[in-house]
Amino acid sequence: AQRNLGVTVTDADWRNFVPGVMILAVDPYEPAQLAGLEPQDVILAINGRPAYQVGDVVQAVANSNGFARITLRNWRDGRLVTADVKLDWLGAPISSQHGPPDLAQELVDRITRYLGMPSIVTRPTGPPDNAVATMETAWDGSRIPVILYDGAFLNDLYRNHGRYASLSVLAHEVAHHFHGDATFYGSFTNAWTQELKADYVSGFVLARAGATLEQTTRAIRYSSSVHGSASHPDMASRLMALEAGWHRGKSR
Ligand SMILES: [Zn+2]
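Residue numbers for the sequence shown follow this note's numbering, beginning at 4 and rising by one.
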């Protein structure tokens, strides 16, 4: 699990007596930019440990528990500043320039990382107007967790109902793998309780991603085909499960 500050950095310039690690560029929508860091800022310490070279920054980020308190010298006025950076992506907005399906793999990667799960392969070959969590068998017989999705379906959700609508669908499918109730494609028979548990986790993830309750429930309320299965629960139950998970996500 790799945490990402979202910066390009270079070693300090010792010849000119500038200790620290200088930021050359910040990536849009990544944690550093969201915390207000700018190019030419000089990182002096992370989580209480001095940063003398690029490796120190890399290590501090890797060793963190999703949070970095960065001491830096502001490039504008030379002041020492402390910036608190949340390294877990789920606090950050999703770029408005690229929606699913372009981002599907990235979004799923970030959700699994956040939940501490093994990675899941995504593929835009899902059933029409839907997404599904399934297992595939590798050449050596091992089982591979996969999420298949309809790219046009995710794109429509994204365009018409916002970034959290498509995220909630992917989070729901990740949750099926989280609970270990993804089945082989074609034998999809999840019971209501499995569906409601997946909705609960989806609500939890969406809360952590900064979605309001209204945004969290949009996909279910506006797209009747979301996860259509022979045995999907009624909408009221699913909304309750989403809401319960969302409140849980907000509570910590
Ligand atoms: Zn489901």
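In this text, a Cβ means the ideal position worked out from N, Cα and C, and glycines have one as well.
Is it buried or exposed for residue i, if we count other Cβ within 10 angstroms and need 16 for buried?
i, result
"N66", "exposed"
"Q43", "exposed"
"F70", "exposed"
"K253", "exposed"
"M238", "exposed"
"V64", "buried"
"S145", "exposed"
"P22", "exposed"
"W142", "exposed"
"A28", "exposed"
"R1", "Lying before the first or after the last residue shown, residue 1 is absent from the chain, which here runs from 4 to 255."
"M137", "Looking at the sequence provided, one finds Thr at residue 137 rather than Met. Buried, since its Cβ has 16 or more Cβ neighbours within 10 Å."
"V124", "exposed"
"R211", "buried"
"I147", "exposed"
"R113", "buried"
"A15", "buried"
"A54", "buried"
"D80", "exposed"
With a CB to CB cut of under 6 Å and the five nearest residues on each side skipped, what residues in its chain are close to residue i?
i, result
"T128", "L151"
"G206", "T219, L245, G248 and W249"
"Y225", "H164"
"S122", "T115"
"S99", "Caution applies to S99, whose pLDDT of 41 falls short of 50 and renders its modelled position unreliable; the model cannot decide the point."
"A174", "I114, S205 and V208"
Would you mind giving the Cβ-Cβ distance between residue i and residue j, rounded to the nearest angstrom? I have them listed as a contact below 8 Å.
i, j, result
"L8", "V88", "7 Å"
"E176", "A214", "At roughly 17 Å, the Cβ-Cβ gap does not stay under 8 Å, so E176 and A214 are not in contact."
"R241", "L199", "7 Å"
"L209", "Y167", "6 Å"
"A35", "V10", "5 Å"
"E139", "W78", "Going by Cβ atoms, the distance from E139 to W78 rounds to 49 Å, so no, they are not a contact pair."
"L90", "V45", "Actually they are not in contact, since the Cβ atoms of L90 and V45 sit about 20 Å apart, beyond 8 Å."
"D219", "W249", "Residue identity differs from the one stated: residue 219 is Thr in this sequence, not Asp. With a Cβ gap of about 5 Å, T219 and W249 count as contacting."
"V172", "A222", "5 Å"
"L47", "L110", "At roughly 34 Å, the Cβ-Cβ gap does not stay under 8 Å, so L47 and L110 are not in contact."
"Q56", "V24", "7 Å"
Would you list the residues sitting across from residue i in a DSSP beta bridge?
i, result
"M25", "T13 and V45"
"I147", "E139"
"L83", "R76"
"R52", "I49"
"R166", "Answer is none; R166 lacks a bridge partner."
"T125", "I150"
"F70", "K89"
"A134", "Y152"
What residues in its chain sit with their C-beta under 7 Å from that of residue i, if we drop five residues either side in the sequence?
i, result
"N50", "A63, S67, A71 and R72"
"D159", "none"
Keeping to the same chain, check which residues put their C-beta closer than 8 Å to that of residue i; ignore five residues upstream and five downstream.
i, result
"H2", "Given that the chain is displayed from residue 4 to residue 255, the structure contains no residue 2 and the question cannot be resolved."
"V12", "V24, M25, I26, L27, I46, V57 and V60"
For residue i and chain B, any beta-carbon pair shorter than 8 Å?
i, result
"A38", "This model lacks chain B altogether; it includes just one protein chain."
Taking 7 Å as the cut-off, is the C-beta of residue i nearer than that to any heavy atom in ligand 3?
i, result
"A15", "Absence of ligand 3 is noted for the structure shown, with ligand 1 being the only ligands found."
Original post:
Where in the region 171–210 do unbroken runs of the beta strand (DSSP E), each at least 3 residues long, occur, reported from the N-terminal end onward?
Top reply: Segments of the beta strand (DSSP E) lying fully in the region 171–210: there are none.
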